[in-house]
Amino acid sequence: MDRPNQAQIIQFLSLSNEVGRRAMALGHHPFGAVLVAPDHQTVLFTQCNIDTVNHAESTLARIAASNYPAEYLWQCTLYTAVEPCCMCAGTIYWANIGRVVYGMTEQRLLECTGNHQENPTMSVSSAYVFAHGQKNIDLIGPVAEIEEQTAALQQAFWTER
Numbered sequence: 001m002d003r004p005n006q007a008q009i010i011q012f013l014s015l016s017n018e019v020g021r022r023a024m025a026l027g028h029h030p031f032g033a034v035l036v037a038p039d040h041q042t043v044l045f046t047q048c049n050i051d052t053v054n055h056a057e058s059t060l061a062r063i064a065a066s067n068y069p070a071e072y073l074w075q076c077t078l079y080t081a082v083e084p085c086c087m088c089a090g091t092i093y094w095a096n097i098g099r100v101v102y103g104m105t106e107q108r109l110l111e112c113t114g115n116h117q118e119n120p121t122m123s124v125s126s127a128y129v130f131a132h133g134q135k136n137i138d139l140i141g142p143v144a145e146i147e148e149q150t151a152a153l154q155q156a157f158w159t160e161r
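Okay, so the sequence shown: first residue is 1 according to full-length UniProt numbering, each after it adds one.
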């Protein structure tokens with residue numbers, strides 16, 4: 001399975017942050033996810049965060065799994081500016097999405113949010129979740145070129161919250 005190039009990675013991680021801004025405009029936390037087709041160009045879905053149990057990534061993975069065959073999803077890439085939490089990583093795994101690209105780590109998110117009651121970050125990386133499954137999901141991240149943009153968005157939101 002060929003990988004996206006760096007320009008595509010930056011493009012879709014930036015779009016993920018734009019989707020996160022859409023979530024903010026709707027009154028939700030600033031997280032967004034983007035599903036891209038195997039051609040590394042076609043956006044299949046975007047999804048913003050809804051609430052604490054309907055994160056952008058898990059909601060997108062569930063919608064994708066009900067709209068595309070597992071074999072197709074294995075060739076797709078899910079982009080998210082912030083590393084998927086353990087709940088989202090598990091949903092991505094079960095949806096059979098073959099690649100995940102993220103901009104900044106869950107640990108860095110914790111630095112941005114602090115001990116915020118609306119985002120009690122768990123210290124479980126997506127790499128840890130995927131390593132305990134039976135599928136070799138391609139995980140790319142963190143991506144330095146997008147990390148500061150993502151951190152600034154998160155810090156601005158959580159400081160005001």
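Don't be surprised by glycine CBs; every beta carbon is placed ideally from N, CA and C.
Membership of Ala127 in the alpha helix (DSSP H) is indicated by the continuous run 126 to 131. A direct Cα-Cα distance of roughly 24 Å separates Val43 from Lys135. With fewer than 16 other Cβ atoms inside 10 Å of its own Cβ, Pro69 counts as exposed.
Its Cα nearest to that of Gln11, the residue Leu35 stands out among Gly27, Asp2, Leu35. Secondary structure at Ala33: strand, using DSSP grouped into helix, strand and coil. Taking a C-beta distance under 8 Å as the contact criterion, Asn54 and Ala23 do not qualify as a contact pair. In the DSSP secondary-structure assignment, Thr80 is bridged to Ala33, Tyr102.
The C-beta distance from Phe45 to Ala64 rounds to 6 Å, short enough to fall under 8 Å. For the 8 Å CB-CB criterion, Leu13 and Ile97 do not form a contact.
Around the beta carbon of Tyr128, fewer than 16 other beta carbons lie within 10 angstroms, which makes this residue exposed. Taking the Cα positions, Asp39 is about 25 Å away from Thr150.
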